[in-house]
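All remarks here apply to the structure that follows.
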Amino acid sequence: MKELLVILAQLESLLASGEAIALATVVHVDGSAYRRPGARMLIDSNGNWWGGISGGCLEGDLLKKAQLAMHQQAIKRITYDTREDDPFQLGIGLGCQGLIEIVIDPIRTNIERTFTLVKSIVESGKPQFIQTVWNDTEFSIQALEDAFPGWNEASQTFTEYLPARTRIWVVGNQFDACSLIELCLTLAWEVHWVGNTNKMRKDVQQRVRACYDWDQVHGLQPSDCLVLMTHDFDRDVSFMNQYIADQSFQYIGILGPSKRFDRLKKQLQHNLVSDISTPVGLDIGAEGPDEIAIAVVAEILAHQNKRDGQRLKFRSTTIH
Numbered sequence: 005m006k007e008l009l010v011i012l013a014q015l016e017s018l019l020a021s022g023e024a025i026a027l028a029t030v031v032h033v034d035g036s037a038y039r040r041p042g043a044r045m046l047i048d049s050n051g052n053w054w055g056g057i058s059g060g061c062l063e064g065d066l067l068k069k070a071q072l073a074m075h076q077q078a079i080k081r082i083t084y085d086t087r088e089d090d091p092f093q094l095g096i097g098l099g100c101q102g103l104i105e106i107v108i109d110p111i112r113t114n115i116e117r118t119f120t121l122v123k124s125i126v127e128s129g130k131p132q133f134i135q136t137v138w139n140d141t142e143f144s145i146q147a148l149e150d151a152f153p154g155w156n157e158a159s160q161t162f163t164e165y166l167p168a169r170t171r172i173w174v175v176g177n178q179f180d181a182c183s184l185i186e187l188c189l190t191l192a193w194e195v196h197w198v199g200n201t202n203k204m205r206k207d208v209q210q211r212v213r214a215c216y217d218w219d220q221v222h223g224l225q226p227s228d229c230l231v232l233m234t235h236d237f238d239r240d241v242s243f244m245n246q247y248i249a250d251q252s253f254q255y256i257g258i259l260g261p262s263k264r265f266d267r268l269k270k271q272l273q274h275n276l277v278s279d280i281s282t283p284v285g286l287d288i289g290a291e292g293p294d295e296i297a298i299a300v301v302a303e304i305l306a307h308q309n310k311r312d313g314q315r316l317k318f319r320s321t322t323i324h
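If you're matching positions, the sequence shown starts at 5 in the working numbering and goes up one per residue.
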């Protein structure tokens, strides 16, 4: 999501300037590849680019092809095949062994329509499918409530799933809350901060979406993630009774040992609907606020992606 936000911000500037641009989109991958379908790379006429379609191995060659597409004002369909050790094939010796199909679109009206739709979906905070068609006679792009992601070669149609931007509520204003917030901001998550606003770090306050005092929280949604790290038992009890009990959320994590949570549950006035992760975070032996933040974010990602957090070397099926 962070890369997409960077591309959208740069696109807004470039579209206003009138400069020639091209937008490359990965539409199909077969085998191993660093990026998946939906990855994008924005290129301007000066050779600058944002985003990427590989781990850095293919961007240089794609840049040349994008400049040609801009010059000709023609959509290009590019295939990189690194599955075989062919000395005449770009990609020889690369770490990944897969086929990557990319569409380079330099047509300004197409890019404008893509920008408008994608930005509106991101700002809505809701996940949606996007279906884009590049054929010889027309370009179309639309949002769909339900669809099957993939690339249809015959109709030149690409359907992708665009997940919602992660919204996280960090509850507590101790220094470890700041470590978690910093990491979430690095990932371009939408951060809401709850605590004593008078004690919150001012520089961090300016970078989150919103700050709330303990009893003034509003706008919680079922798709939100919540992490309680108040270091205050009574405060956790009060917050859970007021905002969490009888409510369903995507993820809830609470700092502290299991015995503390057992005591906490006895103080609740209503039932818990959501599953609670406590102690919060994956078991990576984290020490200190920064490592704990990594463990918490890793657990949220594993939960969102329906993974168990094991080491990839032990995964018996493909990564994606």
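Just so it is clear, CB atoms sit at the ideal spot from N, CA and C, and this is done for glycine as well.
Treat the numbers as computed from the prediction; the structure is a model and nothing was measured.
Practice prompt. Quick one: residues in its chain with C-beta nearer than 6 Å to the C-beta of A181, no 5 flanking neighbours on either side, listed in chain order?
Written response: Short of 6 Å from the beta carbon of A181, and not among the five residues preceding or following it, lie these beta carbons of its own chain, in chain order: V174, M233.
Item to complete: State the DSSP-derived secondary structure class of P261, mapped to helix, strand or coil.
Response: Look at P261 here: in three-state DSSP terms it is coil, with no helix or strand label.
Worksheet item: Are the CB atoms of E63 and T83 nearer to each other than 7 Å?
Response: Contact check for E63 against T83 fails: the beta carbons are separated by 7 Å or more.
Worksheet item: What whole-angstrom Cβ distance do V212 and V198 have, given they're in contact under 8 Å?
Response: Rounded to whole angstroms, the Cβ separation of V212 and V198 is 10 Å, and the two are not in contact under 8 Å.
Practice prompt. Compare the beta carbon distance of G137 and S128 with 7 Å and say whether it is the shorter of the two.
Written response: Correcting the residue identity first, residue 137 is Val in this sequence and not Gly. Cβ atoms of V137 and S128: not closer than 7 Å.
Discussion item. If distances are taken between C-alpha atoms only, which option among E23, E7, V122, T282 comes closest to R267?
Written reply: If we check each option's Cα against that of R267, T282 comes out closest.
Worksheet item: What did DSSP end up calling K80 once you bin it into helix, strand or coil?
Response: Three-state DSSP puts K80 in a strand.
Worksheet item: Which residues mark the beginning and the end of the beta strand (DSSP E) in which L232 is found?
Response: Counting along the chain, the beta strand (DSSP E) containing L232 begins and ends at 229-232.
Fill in: Cβ-based burial, V277 [other Cβ within 10 Å; buried from 16]
Flag for V277 reads exposed.
Discussion item. On the criterion of 16 or more Cβ atoms from any shown chain inside 10 Å, does R169 qualify as buried, or is it exposed?
Written reply: Burial call: buried.
Worksheet entry | Short CB-CB distance (under 7 Å) between Q209 and chain B | Reference to chain B is not applicable here, since this structure consists of a single protein chain.
Worksheet entry | Selected residue, minimal CA-CA separation from N245, among D219, Q254, K317 | Minimum Cα distance to N245 is reached at D219.
Fill in: Helix, strand or coil at L121 [DSSP, three-state]
It is helical.
Item to complete: Out of E157, D236, P226, state which residue places its alpha-carbon closest to the alpha-carbon of D140.
Response: Of the candidates E157, D236, P226, the one whose C-alpha sits nearest the C-alpha of D140 is E157.
Practice prompt. May I ask which residues mark the beginning and end of the beta strand (DSSP E) holding D109?
Written response: 102-109 is the span of the beta strand (DSSP E), which, as asked, contains D109.
Practice prompt. Could you tell me the distance, in whole angstroms, from the CA atom of I11 to the CA atom of D48?
Written response: When rounded, the distance between both Cα atoms is 12 Å.
Worksheet item: Taking buried to mean at least 16 other C-beta atoms within 10 Å of its own C-beta, is A70 buried or exposed?
Response: Taking all protein chains shown into account, A70 has 16 or more neighbouring C-beta atoms within 10 Å of its C-beta and is therefore buried.
Worksheet item: Which value, in whole angstroms, describes the spacing of the CA atoms of E116 and I296?
Response: When only Cα atoms are considered, E116 and I296 end up about 41 Å apart.
Fill in: Spatial distance of D150 from H235 (CA atoms)
Rounded to the nearest angstrom, the two C-alpha atoms are 42 Å apart.
Fill in: Terminal residues of the alpha helix (DSSP H) in which V301 lies
Where V301 is concerned, the enclosing alpha helix (DSSP H) stretches over 292-308.
Discussion item. In the DSSP output, what is I172 paired with across the bridge?
Written reply: Within the DSSP bridge table, the entry for I172 names V195, C229 as partners.
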